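Contents: one structure, followed by commentary.
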Amino acid sequence: MYKAIAANKRNTVLIMAVFVGIISAIGWAVSYFYGNTNIAYFVIAGAALYAILQYFLASKLAIAMTGAEQIQKRDNPRLYRIVENLAITLGMQTPKVYIINDPALNAFATGRDPKHAIVAATTGLMDTLSDDELEAVMAHEMGHIQNYDIRVSMIAFGLVSAIGILSDIVLRMMFFGDRRESNVHPMVLIIGIIVVVLAPIIAIIVQMAVSRQREYLADASGVLTTRHPDALVRALEKLQQHSRPMKHQNTASAHLFFSNPLKAGFFSKLFSSHPPLEDRIARLRNNKDKF
15 MYKAIAANKR
25 NTVLIMAVFV
35 GIISAIGWAV
45 SYFYGNTNIA
55 YFVIAGAALY
65 AILQYFLASK
75 LAIAMTGAEQ
85 IQKRDNPRLY
95 RIVENLAITL
105 GMQTPKVYII
115 NDPALNAFAT
125 GRDPKHAIVA
135 ATTGLMDTLS
145 DDELEAVMAH
155 EMGHIQNYDI
165 RVSMIAFGLV
175 SAIGILSDIV
185 LRMMFFGDRR
195 ESNVHPMVLI
205 IGIIVVVLAP
215 IIAIIVQMAV
225 SRQREYLADA
235 SGVLTTRHPD
245 ALVRALEKLQ
255 QHSRPMKHQN
265 TASAHLFFSN
275 PLKAGFFSKL
285 FSSHPPLEDR
295 IARLRNNKDK
305 F
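In terms of the working numbering, the sequence shown has 134 at position 120, counting the first letter as 1, and numbering is strictly consecutive.
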């Protein structure tokens with residue numbers, strides 16, 4: 015477990031390097047197209063500033079996207095006490111607790127660090143799961159906080175968004191802008207367009223791969239906290255039986271959730287930030303004796 019957490023922290027540096035490389039490639043494409051290398055520096059600086067702003071504001075944005083509402087213990091003692099007890103067990107500060115009015119079975123965690131963390135659960139999740147199953151799901155979300163997955167997710171969320179916006183702006187500039195240099199070689203133009211078009215797809219694939227591994231790790235972290243792998247298995251099985259998309263869907267924040275909140279479809283499965291539920295169940299059963 016601790017080796018996996020250490021590997022995750024090392025991989026974070028690699029992830030950041032990949033995103034910086036993608037943004038730099040976009041900057042190169044537009045600067046070469048306009049014959050001005052200074053544009054690349056402005057692109058990188060702008061993306062870095064955007065990522066920093068997202069780092070501090072992304073959790074509020076995620077809350078707004080899902081329609082979650084903060085609660086106190088008196089509002090929903092059951093959920094609040096489960097989160098509070100898990101925080102005590104882990105020796106962590108109790109995160110802010112939110113409820114999403116949605117019949118879909120789901121939950122998520124977000125925030126830039128354990129001191130600024132948020133956990134949320136849908137009304138559908140609370141209505142369907144037993145106490146030990148709900149505890150298992152929330153322990154999974156607390157695992158994301160404990161492992162600092164929430165920080166990486168926020169960084170990835172900000173950079174993926176930045177790359178998407180940059181790519182859109184650059185494509186518009188290439189096709190509709192008035193460039194100073196008219197002697198750009200056609201092959202350079204083609205390569206530049208390919209880079210700009212593929213950049214968001216590559217960014218999403220990187221984000222997807224990272225998120226999938228972190229879901230497995232959070233499952234294991236949650237089970238180590240509760241010492242009850244069967245409860246998480248039952249919760250995942252109920253998600254299979256009652257699978258439905260959330261009312262408020264957004265691909266940018268989908269990786270934050272316990273289960274994929276998007277409408278089922280070929281592309282949503284292909285680019286899902288979550289491993290299949292059956293794979294998560296199989297891993298938990300195969301490693302039951304190790305917890």
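Ideal Cβ placement from N, Cα and C applies to all residues, glycine included. Remember, predicted model here, so these are calculated numbers, not experimental data.
Item                                                                                                 : Value
Buried or exposed (CB count within 10 angstroms, at least 16 for buried), Y55                        : exposed
8 Å Cβ cutoff met for I102 and M152                                                                  : no
Boundaries (first-last residue) of the beta strand (DSSP E) holding Y112                             : K110 to I114
Expected contact under 8 Å - CB spacing of P91 and Q107 to nearest Å                                 : Not really, about 19 Å apart at Cβ, beyond 8 Å.
Integer Cβ distance of R294 from D233, believed to fall under 8 Å                                    : 6 Å
E149 to V174 span [Cα, whole Å]                                                                      : 32 Å
I77 versus A135: straight-line alpha-carbon distance, rounded                                        : 12 Å
Residue of Y48, M168, S181 and R226 minimising C-alpha distance to R126                              : M168
Residues bridged to F271 [DSSP beta-bridge criterion]                                                : F122
At least 3 beta-carbon pairs within less than 8 Å: the segment 82-90 vs the segment 233-243          : no
Cβ neighbours of H256 in the same chain (closer than 7 Å, five flanking residues each side left out) : L119 and T142
Limits of the unbroken alpha helix (DSSP H) element including A296                                   : L291 to N300
Neighbour-count burial assignment, T124, 16 or more Cβ in a 10 Å radius                              : buried
According to DSSP, residues forming a beta bridge with V133                                          : V111 and A123
K74 burial status per 10 Å Cβ neighbour count (16 or more: buried)                                   : exposed
Euclidean distance between Cα positions of F280 and I40                                              : Low per-residue confidence applies at F280: pLDDT is 44, beneath 50, and the placement is therefore not dependable, though the value from the model is reported in the following sentence. Answer to the nearest angstrom: the Cα atoms are 29 Å apart.
Bounding residues of the alpha helix (DSSP H) (the contiguous stretch that carries Q160)             : D145 to Q160
P290 versus A72: straight-line alpha-carbon distance, rounded                                        : 26 Å
Extent of the continuous beta strand (DSSP E) run through Q255                                       : From DSSP, Q255 is part of no beta strand (DSSP E) but of the alpha helix (DSSP H) over P243 to Q255.
For I85: DSSP bridge partner residues                                                                : V111
Buried or exposed by the 16-neighbour rule on C-beta atoms within 10 Å, applied to R194              : Only weak support is given to the placement of R194: the predicted model assigns it a pLDDT of 49, under 50, and the question is left unresolved by the model.
Spatial distance of Y230 from E147 (CA atoms)                                                        : 17 Å
Same chain, Cβ closer than 7 Å to F272, five either side skipped, listed in chain order              : N120, A121, F122, V151, H154 and E155
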